[in-house]
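Mapping of the sequence shown onto this note's numbering: position 88 corresponds to residue 83, and the numbering continues sequentially without gaps.
Built from N, CA and C at the ideal position, the CB exists for glycine as well.
Computed from a predicted structure; not experimentally measured.
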Amino acid sequence: MKRSTLVSAARLVPLAWSHLRGEAADALFVGSGGTIDTTRPRRVYGLLNERCNLRCQGCPYWRMERYRTELTADEWIATLADLKAFLGPFHINFSGGEPLLRSDLPRILNFCRDHGIHAGLTTSGVLLRDRQAEELVEARLFNLCVSLDGVRAQTHDRQRGVPGVFDKAVRAIGLMRDHADKAGLSVPIIIKPTVSALNLGEMPALVSFAESLGCSVLFQPVSDWGTAETQALWIRDPAELQAIAGELIAMKAAGQAILNTAEQIRDWARHFAGEPVPMSAGSVRCSVGLDTLIIHADGELLNCYQWPALGNVRDGPIRDTWRGEASNHQRAEALGCTRGCTENCAVKRPVSQQVRGAIRLLRSS
Ligand SMILES: C[S@@+](CC[C@H](N)C(=O)[O-])C[C@H]1O[C@@H](n2cnc3c(N)ncnc32)[C@H](O)[C@@H]1O
Ligand code: SF4
Ligand code: SF4
-4 MKRSTLVSAA
6 RLVPLAWSHL
16 RGEAADALFV
26 GSGGTIDTTR
36 PRRVYGLLNE
46 RCNLRCQGCP
56 YWRMERYRTE
66 LTADEWIATL
76 ADLKAFLGPF
86 HINFSGGEPL
96 LRSDLPRILN
106 FCRDHGIHAG
116 LTTSGVLLRD
126 RQAEELVEAR
136 LFNLCVSLDG
146 VRAQTHDRQR
156 GVPGVFDKAV
166 RAIGLMRDHA
176 DKAGLSVPII
186 IKPTVSALNL
196 GEMPALVSFA
206 ESLGCSVLFQ
216 PVSDWGTAET
226 QALWIRDPAE
236 LQAIAGELIA
246 MKAAGQAILN
256 TAEQIRDWAR
266 HFAGEPVPMS
276 AGSVRCSVGL
286 DTLIIHADGE
296 LLNCYQWPAL
306 GNVRDGPIRD
316 TWRGEASNHQ
326 RAEALGCTRG
336 CTENCAVKRP
346 VSQQVRGAIR
356 LLRSS
């Protein structure tokens, strides 16, 4: 193993410990009927904005008439410090909207680097130029997710609604790789396709393409986010879906760089048939109330996009909101939620598979 890979592996140890501790806290909460609550968020997402420069068919962000007022970089820094006091070392995935539209992103990421917070970033990659790639590497970005929706430029650009963006996304991956290599650092890059009727047939080839770029793949089946194009994106051919899912599962079994579990890929059939998807970890309960914290662009705190906000970072310490009445109520309610969806709860993987996934990521970087 390269030295940079060993350094990254060492950084995983506190996160793995926090996940194990979290699993025990979940079991205690459920086992005690909610009377013993030692849970803490361990899947943290930060939405830096809602604005976006692309026009993806399945996404509502770029169509909004009004956007939430964005937390400033100072407010983000105060929020991250507050969370660090609550959680110790933690991982946060920043997304949006398009996070690269924020010129103060390096300041936020540098704060993470300097305070033992592991920051990942999900982006279309289109705005990433040489200087931005260098800044992300300097900020010791923990991982980068680039949304790439096809192996053919035409497919990706069509789903993303803007011509020429495939080439820019691929360029972003190359720039990150070059700067990470130059700095002797390991920055795992994950290609994140939104799987739809437009691109399903290209998914096996996309895995091989990702590998040729030194990346792993994390599939996300398209969900109904309320856009007019959802109907056109929805996969309605169960036979084709089964064939492609089977091919991807075989590729994963052969050791190819797919981060989803085989069960998650198998569950696409239920998702596109409109049936609830059971948690892949084998449980029928949804754990978002126990482990997930979404910080929206304006500071609103959520467990799940379908549920009311728990509060706002401006209300006071996040620990108090997490331990407050609204959160406790939602924790219990979410455990009984029968909706079953592929966005939050069902993407959870058992610890053993998370460890295998982390090792795969480190090897590929
Ligand atoms: C909302 S975007 C924000 C980050 C960035 N703008 C990007 O595209 O990567 C986060 C992820 O959601 C995915 N996405 C967009 N519309 C979706 C939908 N209807 N269902 C599931 N995922 C979707 C995107 O492809 C992207 O991977
Ligand atoms: S998926 Fe990402 S890039 Fe596409 S419109 Fe939504 S926020 Fe923008
Ligand atoms: S099953 Fe889905 S909708 Fe229900 S609480 Fe979990 S993530 Fe939210």
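Pull up the DSSP beta-bridge partners for residue i, would you.
i	result
Gly114	This sequence places Ala at residue 114; Gly is not what is there. Answer is Ile87.
Asn138	Gly115
Ile253	Val212
Can you grab the Cα-Cα spacing for the pair residue i / residue j, in whole Å?
i	j	result
Ala80	Gln149	47 Å
Glu130	Gly111	17 Å
Val272	Glu258	10 Å
Ala11	Arg172	26 Å
Ser98	Leu213	27 Å
Gly255	Ile185	The identity of residue 255 in the sequence shown is Asn, whereas the question assumes Gly. The alpha-carbon atoms of Asn255 and Ile185 are separated by roughly 11 Å.
Ser275	Asn48	Reliability fails at Ser275, whose pLDDT of 46 lies under 50, so the model's placement of it is uncertain and the value that follows must be treated cautiously. In a straight line, the C-alpha of Ser275 is about 34 Å away from that of Asn48.
Trp220	Arg58	12 Å
Glu60	Gly92	14 Å
Asp21	Arg126	42 Å
Ala245	Trp229	24 Å
Asn339	Ile239	Unreliable placement is indicated for Asn339, whose pLDDT of 49 sits below 50; the coordinate value is still reported in the next sentence. So the two alpha carbons sit approximately 23 Å from each other.
Asn307	Leu236	41 Å
Asn231	Asp109	One detail in the question is off: residue 231 reads as Arg in this sequence, not Asn. Cα-Cα distance, rounded: 48 Å.
Leu370	Thr189	A query on residue 370 cannot be resolved here, the shown segment of the chain reaching from -4 to 360 and no further.
Asn88	Ala249	29 Å
Glu270	Gly335	8 Å
Lys247	Pro312	42 Å
Pro101	Val157	26 Å
Glu224	Ile260	23 Å
Phe24	Thr30	7 Å
Glu18	Pro84	17 Å
Val165	Phe204	10 Å
Ser90	Arg63	15 Å
Tyr300	Asn138	24 Å
Leu193	Ser218	14 Å
Using 7 Å as the threshold, is the C-beta distance between residue i and residue j below it?
i	j	result
Pro216	Thr33	no
Ala167	Leu116	no
Leu143	Val182	no
Gly284	Arg318	no
Leu43	Pro94	yes
Cys51	Arg155	yes
Leu82	Arg35	yes
Glu70	Ala292	no
Ala134	Asn105	yes
Asp315	Arg38	no
Ala252	Glu206	yes
Val132	Ala175	yes
Leu195	Ala128	no
Gly294	Leu75	no
Gly41	Ile290	yes
Cys281	Cys210	no
Lys163	Val121	yes
Pro199	Glu242	yes
Can you tell me whether residue i is buried or exposed, with buried defined as 16 or more other CB within 10 angstroms of its CB?
i	result
His324	exposed
Leu288	buried
Asp152	buried
Gly145	buried
Val160	buried
Tyr56	buried
Lys177	exposed
Leu201	buried
Thr118	buried
Asp310	exposed
Glu320	exposed
Ala227	exposed
If you measure from the beta carbon of residue i to each beta carbon in chain D, is any gap under 7 Å?
i	result
Asp286	Looking at the structure shown, chain D is missing, and only one protein chain is on hand.
Which residue spans inside the segment 255 to 332 form an unbroken alpha helix (DSSP H) run of at least 4?
257 to 261, 263 to 267, 283 to 286, 313 to 318 and 320 to 330
Ignoring anything shorter than 3 residues or poking outside the segment 26 to 72, list the beta strand (DSSP E) runs there in chain order.
38 to 42
At 3 residues or longer, and completely inside the segment 139 to 204: list those beta strand (DSSP E) runs for me, N to C.
184 to 186
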